[in-house]
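> Quick one: this structure, given as structure tokens, is what I'll be asking you about.
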Amino acid sequence: MRVVLAEDLFLLRDGLVRTLTEHGFDVVAAVDNGPGLLRALLEEPPDVAVVDVRLPPTHTDEGLQAALEARRHHRGLPVLVLSQYVDQLYANELLSSEDGAVGYLLKDRVTDTGQFIDAVRRVAAGGTVLDPQVIGRLLARGEARGTISALTPRERDVLELMAEGRSNAAIAGTLYFSESAVAKHTASIFTKLGIAPSTEDNRRVLAVLAYLRR
Amino acid sequence: MSSTSRPFRAELSRRSAAVGRCHLAGLLGLRVAAVGAGVVGALLLLPVGVGLRLLPPGAAALRRCADRARHRAEQWSGVRITTPDPLPRTAGARGVLADAGFWRDLSWAWLEPLVGGLLVALPPSLVVYGLFGVLVQPFVWRLLDDGNWYAFVPVHSTALMLAATVLGLGFTAAGLLLAPPALRLHARWGRRLLAAPRVTELRRRVEELTDSRTEVLDRQAAELRRIERDLHDGAQARLVALGMRLDSATRLLEVDPPTARAALLEVRELSGRALEDLRGLVRGIQPPVLIDRGLGDAVRSLALDSFLDVDVEVRLAGRLPAAVESAAYFAVNELLANAAKHSAAGRVDIRLAHEDEGEEAGARGPRLRVTVTDDGRGGADPSRGTGLLGVRERLATFDGSLVLHSPQGGPTTVILEIPCASSLPKTSSC
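Protein chains in written order, with my numbering: chain A, 198 to 411; chain B, 5 to 434.
Printed below as a string of structure tokens:
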């Protein structure tokens, strides 16, 4: 699987390249600035891009902007964004750029190699991965506004894991449910959030989006 | 906002009110003259000793007149007149004589009835004389003989009577038109004599700046202390603990691998917590999204994080000075928290605008204006919580202001203003 990596700190970039290579990824480009990232993504779109939000030259949100720009040219280009902090605004922008194939994680999640590699694979496969911090804030907000009260505690757990981008099998494993029970819960969540069945949209992403936009 | 776009009736009543105010100002001029004369009398009586007792109350009465005139100038014409230092209370007549403000008051008392009085007398006189031409002349000219004149028109035929009526209408209109500018001129004239001496104004400004500088330095020192303490008690302590766990894990690696493994997992968790501490600290100093995107998006991000329904409208051309962005951000943060905590609001509207030009900004210079409105129950009072007070103090450092309108029952509106120039998007780094 071909990966483009953008990270300006040498130590981290080196570590990430090593981790990705160890797990069988082919790092085709490892850049340290925004324009370089955009060039790498546009010239030969990889299977997935792992991008730091802050990059030179501006050291602001250059990386995020480059990733969004590349996704405008190549629809659905999988991008996993890493950041020193998570911001709802950025999560919104990423999710709004198209349905799926995006991830937004706190940078220190890479210390759990297994989880990190799993996230890269899921984004590459067209899934959505959100940092538990983003999910936590979303749910807290939904709770305070009473919009989440329609969901049962079990359904909330499922939605939380779904928003993190987990498959039904993975959710079943985490919550010690059977897979059919998870499917029942997700169906009920979709009904409560008013998301109609459709073959064209990723309903799981829509459910997360529905929450972000409330 | 031009006068022609106003409805005619509103304009007429505004100008009529101005005529009335001119009239009132003229009458008050007479009173000022009387008080001034009294003070001069007291001065003349100084050699015989009685003046010593009469001067302080006289000066105080004169000052009250002057204060009222200052107040009226601002109320009627929007002309701000700075007040001189208060009269000395204890030093008696000697103190009054040594006070610069007293002599300014006195010179005003003598000149006001002459110069100011004549100025404000003109519009009412025109109106009265005009009305006389319109309402009285048509009915009385027949009764009077050939010597009847209205202004420069000898009224002794119907045609001339009509001419006099038209002239009277003209006079009335002129009086109405002249009244507001006359009031404004009168206020400016008053400012020349009544404003505190330039030295006093500058001295006050220096005092203000010294105060706000001390405040900033104190605040900054406190902030540094807080950051140091947070680092010391938080991240630093965690990193030490992490090192110790790492050390014991290294020793256990050979003899007891399972325990070593548990220790290493703990190390990972500790490092995660240390990072979390640092992130919280960074957010408290300067939120990253503010640095990345500027005030508009930073406030949008706050809105997304809020439990309330927040609507944000941003009209900013470019980036603002970093200190201003930061002050405005933390102020909005505080106001949002207030709305969520105390007002029982469900909806908040935030408007950010930079006023660069236009009539209103022209006089006061470019400024950032932030308006926060909630639909809560109102009754916010800055003298009770420390939050609003803190915001107000912080804004004072920038010569900014906070205006709060929060009647019982709501809604609450807060308007923040910070004077600052906006930089163009491309030059945001300088």
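Every residue, glycine too, gets a C-beta built ideally from N, C-alpha and C. Quantities reported herein were computed from a predicted structural model and do not represent experimental measurements.
(1) Just to confirm, is the Cβ distance from B/E280 to B/L299 under 8 Å?
(2) Whose Cβ in chain A lies nearer than 8 Å to the Cβ of B/R283?
(3) Let me check one thing: in DSSP terms, what residues is B/Y154 bridge-paired to?
(4) Within 10 Å of its beta-carbon, does B/M5 have 16 or more other beta-carbons around it, so buried, or fewer, so exposed?
(5) Identify every run of the alpha helix (DSSP H) within the segment 221–246 of chain A, keeping only runs that are complete inside it and at least 4 residues long; order them along the chain.
(6) Check whether the Cβ of B/I422 lies closer than 7 Å to any heavy atom of the ligand HEM, and answer yes or no.
(7) Of all the residues that make up the segment 306–337 of chain B, which are near chain A by a beta-carbon distance shorter than 7 Å?
(8) Output, in sequence order along the chain, the residues in the segment 365–384 of chain A whose CB is closer than 9 Å to any CB in chain B.
(9) When the Cα atoms are used, what is the spatial distance from B/N342 to B/T377?
(10) Among residues of its own chain, excluding the 5 on either side of A/A380, which ones have a beta-carbon nearer than 8 Å to its beta-carbon?
(11) Based on DSSP bridge pairs, tell me the residues matched to A/L208.
(12) Please determine if the segment 134–146 of chain B and the segment 159–172 of chain B are in contact, where contact requires at least 3 C-beta pairs separated by less than 8 Å.
(13) Using a Cβ-Cβ cut-off of 8 Å, state whether B/P429 counts as contacting chain A.
(14) Looking at chain A, is there any beta carbon in it that lies within less than 8 Å of the beta carbon of B/D301?
(15) So within the segment 305–375 of chain A, which uninterrupted beta strand (DSSP E) runs reach at least 3 residues, ignoring any that extend past its ends?
(16) Alpha carbon to alpha carbon, how far is B/V83 from B/A437? Give it in angstroms, no decimals.
(17) Please state whether the Cβ-Cβ distance between A/A316 and A/G300 is less than 8 Å.
(18) Could you check the C-alpha separation between A/T388 and B/V271 for me, to the nearest Å?
(19) When you compare only the Cα positions, how much space is there between B/L118 and B/P370?
(20) With H, G and I counted as helix, E and B as strand and the rest as coil, what does DSSP make of B/V43?
(21) Name the chain A residues whose beta carbon is nearer than 8 Å to that of B/G276?
(22) Alpha carbon to alpha carbon, how far is A/L286 from B/D301? Give it in angstroms, no decimals.
(23) Three-state secondary structure (DSSP) at B/G383?
(24) How would you list, in chain order, the residues of chain A whose beta-carbon sits under 7 Å from the beta-carbon of B/D296?
(25) Roughly how far, in whole angstroms, is the beta-carbon of A/V247 from the beta-carbon of A/S280, given that I think they are within contact range, below 8 Å?
(26) Is the separation between the beta-carbon of B/R188 and that of B/S20 shorter than 8 Å?
(27) Under the three-state reduction of DSSP, which class applies to B/L235: helix, strand or coil?
(28) B/V124 touches chain A at which residues, Cβ-Cβ below 9 Å?
(29) Report yes or no: do the segment 32–46 of chain B and the segment 109–116 of chain B share at least 3 C-beta pairs separated by less than 8 Å?
(30) Are there 16 or more other CB atoms within 10 angstroms of the CB of B/Q412, so buried, or fewer, so exposed?
(31) Since A/N289 meets chain B, which of its residues come closer than 8 Å, beta carbon to beta carbon?
(32) Quick check: what's the CA-CA separation for B/A365 versus B/E421?
(33) Round the Cβ separation of A/L327 and A/E361 to the nearest angstrom and send it over; I've been treating them as touching at under 8 Å.
(34) Kindly identify the DSSP beta-bridge partner or partners of B/P423.
(35) Which residue wins for smallest C-alpha separation from A/Q330, given the options B/P386, B/G288 and B/R283?
(36) Between which two residues does the alpha helix (DSSP H) carrying B/A357 extend?
So, from the data block:
(1) Along the second sequence, read from residue 1 onward, the residue named residue 280 of chain B stands at position 276. Along the second sequence, read from residue 1 onward, the residue named residue 299 of chain B stands at position 295. With respect to B/L299, B/E280 sits apart: the two C-beta atoms are not nearer than 8 Å.
(2) By one-based count along the second sequence, residue 283 of chain B stands at place 279. Within chain A, the residues near B/R283 are Q281 and Y282.
(3) Against the second sequence, residue 154 of chain B aligns to sequence position 150. Beta-bridge pairing by DSSP links B/Y154 to B/V157.
(4) One-based indexing of the second sequence puts residue 5 of chain B at position 1. The pLDDT assigned to B/M5 is 44, lower than 50, so where the model puts this residue is not dependable; a value taken from the coordinates is nonetheless given after this. Around the CB of B/M5, fewer than 16 other CB atoms lie within 10 Å, so the residue is classed as exposed.
(5) Correct list: 231–240.
(6) The ligand HEM is not among the ligands present in this structure, which contains no ligands whatsoever.
(7) Taking 7 Å as the Cβ-Cβ cut-off against chain A, the residues of the segment 306–337 of chain B that qualify are L308, D309 and F311.
(8) Taking 9 Å as the Cβ-Cβ cut-off against chain B, none of the residues of the segment 365–384 of chain A qualify.
(9) Along the second sequence, read from residue 1 onward, the residue named residue 342 of chain B stands at position 338. Along the second sequence, read from residue 1 onward, the residue named residue 377 of chain B stands at position 373. Spanning the two alpha carbons is a distance of roughly 12 Å.
(10) Numbered from its first residue, the first sequence carries residue 380 of chain A at position 183. Closer than 8 Å at the Cβ level, and outside the excluded window around A/A380, lie N365.
(11) Locating residue 208 of chain A in the first sequence gives position 11, counting from the first residue. For A/L208, which the question treats as bridged, DSSP gives no partner whatsoever.
(12) Yes, the segment 134–146 of chain B touches the segment 159–172 of chain B.
(13) Taking the second sequence and counting its residues from 1, the one referred to as residue 429 of chain B is at position 425. With a pLDDT of only 47 at B/P429, under 50, the local geometry of the prediction cannot be trusted, and the value read off the model is given with reservation. No, its Cβ sits nowhere closer than 8 Å to a Cβ of chain A.
(14) Here the question's residue 301 of chain B lines up with position 297 in the second sequence. True, the Cβ-Cβ gap to chain A drops below 8 Å.
(15) Annotation: the segment 305–375 of chain A contains the following complete segments of the beta strand (DSSP E) (minimum length 3 residues), in chain order: 325–327.
(16) Past the boundaries of the shown model lies residue 437 of chain B; chain B is included only from 5 to 434, so the question cannot be answered.
(17) On the first sequence, position 119 is the one that residue 316 of chain A refers to. On the first sequence, position 103 is the one that residue 300 of chain A refers to. In this structure, A/G300 lies closer than 8 Å to A/A316 by Cβ.
(18) Translated into positions along the first sequence, residue 388 of chain A becomes position 191. Translated into positions along the second sequence, residue 271 of chain B becomes position 267. If you draw a straight line from the Cα of A/T388 to the Cα of B/V271, it is about 43 Å long.
(19) The sequence position of residue 118 of chain B within the second sequence is 114, counting from 1. The sequence position of residue 370 of chain B within the second sequence is 366, counting from 1. Taking the CA atoms as reference points, B/L118 sits about 40 Å from B/P370.
(20) For the purposes of this step, residue 43 of chain B is taken as the residue at position 39 of the second sequence. B/V43: helix per DSSP, three-state reduction.
(21) Here residue 276 of chain B refers to the residue found at position 272 when the second sequence is read from its first residue. In chain order: D305 and T308.
(22) One-based indexing of the second sequence puts residue 301 of chain B at position 297. One-based indexing of the first sequence puts residue 286 of chain A at position 89. So the alpha carbons of these two residues sit roughly 8 Å apart.
(23) Position 379 of the second sequence, counting from 1, holds the residue named residue 383 of chain B. Here B/G383 carries a coil assignment [DSSP, helix/strand/coil].
(24) Stepping through the second sequence from its first residue, residue 296 of chain B is reached at position 292. Going along chain A in sequence order, the residues near B/D296 (Cβ under 7 Å) are T257 and D258.
(25) Reading the first sequence from its first residue, position 50 is the one you call residue 247 of chain A. Reading the first sequence from its first residue, position 83 is the one you call residue 280 of chain A. Their Cβ separation, rounded to whole angstroms, is 12 Å, which puts A/V247 and A/S280 out of contact at 8 Å.
(26) Here the question's residue 188 of chain B lines up with position 184 in the second sequence. Here the question's residue 20 of chain B lines up with position 16 in the second sequence. For the 8 Å CB-CB criterion, B/R188 and B/S20 do not form a contact.
(27) By 1-based counting over the second sequence, the position of residue 235 of chain B is 231. It is helical.
(28) Here the question's residue 124 of chain B lines up with position 120 in the second sequence. Within chain A, not a single residue places a beta-carbon under 9 Å from that of B/V124; the smallest gap is close to 58 Å.
(29) Enough Cβ pairs lie closer than 8 Å, so yes.
(30) Stepping through the second sequence from its first residue, residue 412 of chain B is reached at position 408. With a 10 Å radius around the Cβ and a threshold of 16 neighbouring Cβ atoms, B/Q412 comes out exposed.
(31) If you number the first sequence from 1, residue 289 of chain A lands on position 92. Those within 8 Å of A/N289 in chain B are L308.
(32) Looking up residue 365 of chain B in the second sequence gives position 361. Looking up residue 421 of chain B in the second sequence gives position 417. Reliability fails at B/A365, whose pLDDT of 43 lies under 50, so the model's placement of it is uncertain and the value that follows must be treated cautiously. Straight across, the Cα-Cα distance linking B/A365 with B/E421 is about 11 Å.
(33) In the first sequence, residue 327 of chain A corresponds to position 130, counting from 1. In the first sequence, residue 361 of chain A corresponds to position 164, counting from 1. At roughly 6 Å, the Cβ-Cβ gap stays under 8 Å, so A/L327 and A/E361 are in contact.
(34) For the purposes of this step, residue 423 of chain B is taken as residue 419 along the second sequence, with counting starting at 1. In the DSSP output, where bridge partners are listed per residue, B/P423 has B/R371.
(35) To locate residue 330 of chain A, count along the first sequence from 1; it is residue 133. The candidate whose alpha carbon is nearest that of A/Q330 is B/R283.
(36) Reading the second sequence from its first residue, position 353 is the one you call residue 357 of chain B. For B/A357, no alpha helix (DSSP H) segment is defined; the enclosing uninterrupted segment is the beta strand (DSSP E) at R351 to E359.
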